[in-house]
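Enquirer: Just dropping this structure here.
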Amino acid sequence: MSIHKTKAVVLKTVNFGEADKIVTLYTQSYGKLGVIAKGARRINSRFGSSLELGTLIDVLFYGKESSNLSTLTQCNITESFRKIREDFDLLSACFYMISAVNEMTREKQRNDSLFNLLIESLSTLLKIGDIFKSIALFEIKLLKILGYEPNLKQCSACRTEVSDGEVKFSVTKGGVICSSCGKIHNDLVPISLGALRSLEKMRDWDMAKSTRLKLSPSFREEIEKVLYPSIKYHIGKEIKSRNFFKKIESYHLEV
Ligand SMILES: [Zn+2]
23 MSIHKTKAVV
33 LKTVNFGEAD
43 KIVTLYTQSY
53 GKLGVIAKGA
63 RRINSRFGSS
73 LELGTLIDVL
83 FYGKESSNLS
93 TLTQCNITES
103 FRKIREDFDL
113 LSACFYMISA
123 VNEMTREKQR
133 NDSLFNLLIE
143 SLSTLLKIGD
153 IFKSIALFEI
163 KLLKILGYEP
173 NLKQCSACRT
183 EVSDGEVKFS
193 VTKGGVICSS
203 CGKIHNDLVP
213 ISLGALRSLE
223 KMRDWDMAKS
233 TRLKLSPSFR
243 EEIEKVLYPS
253 IKYHIGKEIK
263 SRNFFKKIES
273 YHLEV
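Per my numbering, the sequence shown starts with residue 23, numbered consecutively.
Right under this line is the structure:
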């Protein structure tokens with residue numbers, strides 16, 4: 023048996039037995055991990071509010087190599103993202119981000135870039151208040167980090183560079199399709215070269231720089247049609263919380 027210490031974000035909690043919780047964490051040192059928090063549902067639990075979804079915590083846990091579930095012994099809040107919890111739309115966006123990470127990762131695979139993306143995305147959500155942009159940046163960077171980087175320059179079917187003509191995007195092919203290949207493929211959505219260039223910057227620039235990108239309402243509409251469908255395609259199902267803020271994103275359009 024060994025004791026481990028790491029930073030973690032709470033992805034999911036499920037009640038277990040009479041007073042316990044099974045908690046899914048995305049940890050900095052071990053990737054996604056399931057732990058049991060004994061007594062976490064008691065009123066005077068030592069875990070307090072540290073196991074709320076999306077909270078960044080320092081954790082201590084111990085586990086046996088033979089067991090999948092480690093035992094959480096200590097939990098201290100580093101960042102509660104309190105203001106996210108005071109706003110239903112921000113909270114829905116936060117739930118979407120942690121659900122996407124939970125659904126798209128396997129246990130015990132450390133990925134520092136992914137851990138950093140999750141923290142940066144939650145901070146960005148709080149800082150810029152533009153839910154659409156925060157989510158779109160999260161989505162394209164998530165796809166890149168997990169090896170599903172959309173092909174934005176060369177046709178995903180014939181590999182020729184796409185620089186003009188009628189460009190479309192294929193979620194199943196994972197990128198753009200040129201005008202001639204577009205005639206023989208189904209399930210394509212039109213996308214402008216301008217929206218593609220924005221997507222490239224969103225994918226490749228660091229978070230601080232990419233939050234300053236201006237996204238026109240028409241680019242937003244185009245981006246919406248390729249990013250979430252790509253995430254959904256790789257997960258194989260909808261993420262419920264994505265639909266809550268979808269309805270309100272028009273409030274945050276830049277004019
Ligand atoms: Zn082609």
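Every residue, glycine too, gets a C-beta built ideally from N, C-alpha and C. This one's a predicted model, so the numbers in the text were calculated from it and none came from an experiment.
Here's the rule I'm using: 16 or more other beta-carbon atoms within 10 Å means buried, otherwise exposed. How should Arg-132 be labelled?
Expert: With fewer than 16 other Cβ atoms within 10 Å, it is exposed.
Enquirer: Going by DSSP, name the residue or residues bridged to His-26.
Expert: His-26 pairs with Phe-83.
Enquirer: Report all residues from its chain with a CB closer than 6 Å to the CB of Gly-85; omit the five preceding and five following residues, and keep chain order.
Expert: Cβ neighbours of Gly-85 beyond the five flanking positions: Ser-92.
Enquirer: Of the choices Arg-64, Ile-99 and Gln-176, whose alpha-carbon is the least far from that of Gly-39?
Expert: Closest by alpha carbon: Arg-64.
Enquirer: Please look up how many angstroms separate the CB atoms of Tyr-170 and Ser-232, rounded, as I've assumed it's under 8 Å.
Expert: Not quite, the Cβ-Cβ distance comes to about 18 Å (not below 8 Å), so this is no contact.
Enquirer: DSSP beta-bridge partners for Asp-186?
Expert: None, per the DSSP bridge assignment.
Enquirer: Give, in chain order, every unbroken run of the alpha helix (DSSP H) that is at least 4 residues long and sits entirely within the region 109-151.
Expert: The region 109-151 contains these whole alpha helix (DSSP H) runs: 110-126 and 134-150.
Enquirer: If you draw a straight line from the C-alpha of Lys-247 to the C-alpha of Ala-122, how long is it?
Expert: So the two alpha carbons sit approximately 17 Å from each other.
Enquirer: Got a sec? Which residues, its chain only, sit under 6 Å from Tyr-255 by beta carbon, not counting five neighbours each side?
Expert: Contacts found: Val-193.
Enquirer: Around ligand 1, what residues have a beta-carbon under 5 Å from a heavy atom of it, in chain order?
Expert: In chain order, the qualifying residues are Cys-177, Ala-179, Cys-180, Cys-200 and Cys-203.
Enquirer: Using the beta-carbon count (16 or more within 10 Å), is Cys-180 buried or exposed?
Expert: It is exposed - the Cβ of Cys-180 has fewer than 16 other Cβ atoms within 10 Å.
Enquirer: Could you compute how far the alpha carbon of Asn-265 sits from the alpha carbon of Met-23?
Expert: C-alpha separation (whole angstroms): 43 Å.
Enquirer: If you follow the beta strand (DSSP E) that Ile-99 is part of, which residue opens it and which one closes it?
Expert: Here the beta strand (DSSP E) through Ile-99 covers 92-101.
Enquirer: Leu-168 by DSSP, collapsed to three states: which one?
Expert: It is coil, neither helix nor strand.
Enquirer: Kindly indicate the opening and closing residues of the alpha helix (DSSP H) around Val-248.
Expert: That run of the alpha helix (DSSP H) goes 239-257.
Enquirer: Between the region 102-109 and the region 71-83, do three or more beta carbon pairs fall short of 8 Å?
Expert: They touch, by the three-pair rule.
Enquirer: Would Val-32 and Ile-44 qualify as a contact pair, given that the criterion is a beta-carbon distance under 9 Å?
Expert: Going by C-beta atoms, Val-32 is not nearer than 9 Å to Ile-44.
Enquirer: Thinking C-beta only, is Ile-157 closer than 9 Å to Ala-115?
Expert: Result yes, Cβ atoms of Ala-115 and Ile-157 sit closer than 9 Å.
Enquirer: At what residues does the alpha helix (DSSP H) containing Ala-230 begin and finish?
Expert: That run of the alpha helix (DSSP H) goes 229-232.
Enquirer: Since Gly-187 and Ser-201 should fall inside the 8 Å C-beta cutoff, what is the C-beta to C-beta distance between them, to a whole number of angstroms?
Expert: Yes, Gly-187 and Ser-201 are in contact; Cβ-Cβ is about 4 Å, under 8 Å.
Enquirer: Who are the near neighbours of Leu-148 in its chain, counting only those whose CB is closer than 8 Å to its CB and skipping five residues on each side?
Expert: Within the same chain, Leu-148 has close Cβ partners Phe-103, Lys-105, Ile-106 and Leu-112.
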